[in-house]
Amino acid sequence: MASASTSRFKNTTQRTEILDEVRASHGHLTAGEIFERVRRRDSRIAYGTVYRTLHLLAEHGLIQELTFADQASRYDGRVDRHDHVHCLRCGVLLDVDVPVALIARHVAGEQSGFDITSHHTVFAGICPACKTVEGPGTVSDGKLPARRA
Ligand SMILES: [Zn+2]
Ligand SMILES: [Zn+2]
Numbered sequence: 026m027a028s029a030s031t032s033r034f035k036n037t038t039q040r041t042e043i044l045d046e047v048r049a050s051h052g053h054l055t056a057g058e059i060f061e062r063v064r065r066r067d068s069r070i071a072y073g074t075v076y077r078t079l080h081l082l083a084e085h086g087l088i089q090e091l092t093f094a095d096q097a098s099r100y101d102g103r104v105d106r107h108d109h110v111h112c113l114r115c116g117v118l119l120d121v122d123v124p125v126a127l128i129a130r131h132v133a134g135e136q137s138g139f140d141i142t143s144h145h146t147v148f149a150g151i152c153p154a155c156k157t158v159e160g161p162g163t164v165s166d167g168k169l170p171a172r173r174a
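Put into structure tokens, the structure is as follows:
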């Protein structure tokens, strides 16, 4: 990992606080959620600082930023290769390790001629908790749920 870039972080304490929050949660939080948590410890921190720091941390490989088309990015303290399941109803995002994804990477490289450097699979569906609440079979209205901010 590049070492020269650490000096780009203006405030090491805030950076550490933000990194701690991402690593402490297993829920793949959004920038807004991380901001709420960091603010409990440091009431003067600005949302923009959290947002920019998250981008820098991701750029430096200390966390992963997971992007979902039109939804807020989620931040992952786990940086080794893994996959996710994403609930289309409640938005929960959980880790899964899917061995076949490694084969997919090889196939993608062969078909495109790319040197694939990273890949990540999101399996979208309905989580057990949501299935229990609303029952199976009501999934296919094709709409995403209203998300909490
Ligand atoms: Zn759910
Ligand atoms: Zn993850």
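Under this note's numbering, the first residue of the sequence shown carries the number 26, and numbering increases by one thereafter. The beta-carbon is built from N, C-alpha and C at its ideal position, and this holds for glycine as well.
- Rounded distance between the beta-carbons of residue 144 and residue 130, thought under 8 Å: Numbered from its first residue, the sequence shown carries residue 130 at position 105. Numbered from its first residue, the sequence shown carries residue 144 at position 119. Yes, they are in contact, since the Cβ atoms of residue 130 and residue 144 sit about 5 Å apart, within 8 Å.
- Message: Comparing C-alpha positions only, which one of 78, 118, 124, 119 sits nearest to residue 88?
- Response: Reading the sequence shown from its first residue, position 63 is the one you call residue 88. Minimum Cα distance to residue 88 is reached at 78.
- Item | Cβ-based burial, residue 141 [other Cβ within 10 Å; buried from 16] | Translated into the one-based positions of the sequence shown, residue 141 becomes position 116. With fewer than 16 Cβ atoms within 10 Å of its Cβ, residue 141 is classed as exposed.
- Message: Below 7 Å, is the gap between the Cβ of residue 151 and the nearest heavy atom of ligand 1?
- Response: Stepping through the sequence shown from its first residue, residue 151 is reached at position 126. Yes, the Cβ of residue 151 comes within 7 Å of a heavy atom of ligand 1.
- Should residue 99 be listed as close to ligand 1, given that the test is whether its C-beta is under 7 Å from any heavy atom? Reading the sequence shown from its first residue, position 74 is the one you call residue 99. Because no heavy atom of ligand 1 lies under 7 Å away, the Cβ of residue 99 does not count as near it: no.
- Task: Please determine if the region 112-125 and the region 57-76 are in contact, where contact requires at least 3 C-beta pairs separated by less than 8 Å.
- Result: No: fewer than three Cβ pairs fall under 8 Å.
- Item | Near ligand 2: residue 144 beta-carbon under 7 Å from a heavy atom | Within the sequence shown, the letter at position 119 stands for residue 144. Exclusion of residue 144 from the 7 Å shell around ligand 2 follows from its C-beta lying no nearer than that to any non-hydrogen atom of the ligand.
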